Amino acid sequence: MDDADAIRRCWEGDTDAFHHVVQRYQRRALAHARVLTGNDADAADAAQDAFLDAFRHLDRFDVTREFYPWFYVLLRNRCFKHRARAQEGSAVALIDAAAPEPSGSREALQDLRRALDRLDAGDRELIVLKHLDGWTYDELAGRIGIPRGTVMSRLYYARQRLQSLLLGEAGGGG
Amino acid sequence: MTTSSRRSCDEIRMAALARLDGEAADLAPSEIEAHAMGCEPCRTELARLADLHRDLGRVDYEELDVDLWRGLRPRLAASAPHAPARDVRAIVALTGALVAWRLAQLLLDWPAPVVNSIVPLALVVVVLWRLTGDPFAIRVSSHQLQEKGAS
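From first to last, the protein sequence lines are chains A and B. When the letters of the first sequence are read in order and numbered with the numbering used here, they come out as residues 12 to 185. When the letters of the second sequence are read in order and numbered with the numbering used here, they come out as residues -11 to 139.
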């Protein structure tokens, strides 16, 4: 079953067909939600709420298009609401506290993750979507709702701030 | 460094990063290179940003192992979605067909009296069929079935 079949079945009242959609996208949704909310609990709540929003508004979804870009807008809204409620909780977006001790180049990678976690959520979102998900400037512009030129400048300044944090990490030892 | 030259440096760096991202930039590569050749701060910054760009390519998500379906399923039950504007489309089609039929009657003085009654009725049945499934089906609730089984 593909997404379009599952969604058509949902339209016909088969609620369980939505399981296919959730199963297919929950991993990506949770990862993005964690980047946006900054913690696991809010990420799970926001992702679940976003899937519920998607289900309720499936009648507005055009089955000839991809599901995730449409869903991402809902997810993003939910994450911002959860983040506002959580009032800047502890940021553990891309790093697992129980991760093994880093060494050599892994240490540099760990520094980078730490620096990413300390970035403002808006900067982190752009960098993650660009570098981890490989979205193009046009995709970012469409899905975040800003002009392409703004994507370019915001990405530039976000990476500069990340660079500054990294230099701080290296200088201050994290 | 003046404000205008700083702005110019930002433009150069932004364009260079866009190229690193595989995107079209407003400035030509030769213009970026020419600027970088004569601007030590830009050379340093671009080298750092290129390293960062490379390192970011090695970062991946930490997995968050949560099954959302378990909590989601009970919440979905009360939120069944509808097919997009299916009802509206069917009703508009019915209205159009009935109006066309009536116009044909008036203008052409064409069908026999029995057909005059049957065709609109048939159209209504077809639309009802499309909207609700079989309109003649007898629907029995599970509650009624249980009662029947008990008796």
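Note that beta-carbon positions come from the ideal geometry of N, C-alpha and C, so glycine has one too. From a predicted model like this one, the values you see are computed outputs, not experimental measurements.
Looking at chain A, which residues of the segment 54 to 65 of chain B have a Cβ within less than 7 Å of any of its Cβ atoms?
VAL54, LEU56, TRP57, GLY59, LEU60, ARG63, LEU64 and ALA65
Which of the three DSSP states, helix, strand or coil, is assigned to GLY59 of chain B?
helix
Pairs of beta-carbons, one from the segment 43 to 60 of chain A and one from the segment 30 to 48 of chain B, closer than 8 Å: are there three or more?
no
Proximity winner among A:ASN50, A:GLN59, A:ALA52 and A:GLY49, relative to HIS30 of chain A (alpha-carbon distances)
A:GLN59
If you run the structure through DSSP and keep just helix, strand and coil, what is PRO108 of chain B?
helix
Cβ shell of ASP107 of chain A (< 7 Å), same chain only, five flanking positions each side left out:
At ASP107 of chain A, the pLDDT of 40 sits below 50, so the modelled position is not reliable and the matter cannot be decided from this model.
On the CB-based measure, 16 or more other CB atoms within 10 Å of its CB, does ALA52 of chain A come out buried or exposed?
exposed
Starting from LEU123 of chain A, trace the alpha helix (DSSP H) in both directions and tell me its first and last residue.
116 to 129
Do the CB positions of ALA40 of chain A and LEU86 of chain A come within less than 9 Å of each other?
yes
Buried or exposed: where does ALA35 of chain B fall if 16 or more other Cβ atoms within 10 Å of its Cβ makes it buried?
exposed
Once the 5 residues before and after CYS27 of chain B are set aside, which same chain residues still bring their CB inside 8 Å of it?
CYS(-3) and ILE0
So which residues of chain B does HIS30 of chain A contact, with C-beta pairs closer than 8 Å?
TRP57 and ARG61
For GLN171 of chain A, tell me which candidate among A:ASP131, A:TYR148, A:THR147 and A:ARG159 has the shortest Cα-Cα distance.
A:ASP131
Can THR26 of chain A be considered in contact with the ligand ADP, in the sense that its beta carbon sits closer than 8 Å to one or more heavy atoms?
Ligands displayed in this structure: none; no statement on the ligand ADP is therefore possible.
At a CB-CB cut-off below 8 Å, which residues of chain B make contact with TYR148 of chain A?
ALA6, ASP9 and GLU11
To the nearest angstrom, how far is it from the Cα of GLU11 of chain B to the Cα of TYR148 of chain A?
7 Å
Buried or exposed: TYR168 of chain A, going by 16 or more other Cβ atoms within 10 Å of its Cβ?
exposed
Are the segment 148 to 166 of chain A and the segment 117 to 131 of chain A touching, with three or more C-beta to C-beta distances below 8 Å?
no
Using 8 Å as the Cβ pair cut-off and three pairs as the minimum, do the segment 44 to 54 of chain B and the segment 131 to 144 of chain A touch?
yes
Would a check of beta-carbon distances place VAL115 of chain B closer than 9 Å to chain A?
no
CB contact check: TYR79 of chain A to chain B, cutoff 9 Å:
no
Unbroken stretches of the alpha helix (DSSP H), 4 residues or longer, contained in the segment -2 to 68 of chain B:
17 to 26, 28 to 44 and 56 to 64
With distances taken between CB atoms, is the gap from LEU44 of chain B to ILE138 of chain A smaller than 9 Å?
yes
Same chain, Cβ closer than 7 Å to ASP14 of chain B, five either side skipped, listed in chain order:
ALA3
Report the rounded CA-to-CA distance for LEU120 of chain A versus LEU56 of chain B, giving the unit in angstroms.
30 Å
Which parts of the segment 41 to 69 of chain A are runs of the alpha helix (DSSP H), unbroken and 4 residues or longer, counting only runs that do not cross its ends?
51 to 67
By the 10 Å Cβ neighbour count, where 16 or more other Cβ atoms means buried, how is ARG31 of chain B classified, buried or exposed?
exposed
Going by beta carbon distance, what residues of the same chain come within less than 8 Å of LEU177 of chain A, once the five residues before and after it are set aside?
ASP122, LEU123 and ALA126
Tell me whether the beta-carbon of CYS90 of chain A lies closer than 9 Å to the beta-carbon of ALA61 of chain A.
yes
Rounded to whole angstroms, how far is the Cβ of ASP190 of chain A from the Cβ of VAL32 of chain A, which I believe are closer than 8 Å?
Within the shown structure, residues of chain A are numbered from 12 to 185, placing residue 190 of chain A beyond reach of any answer.
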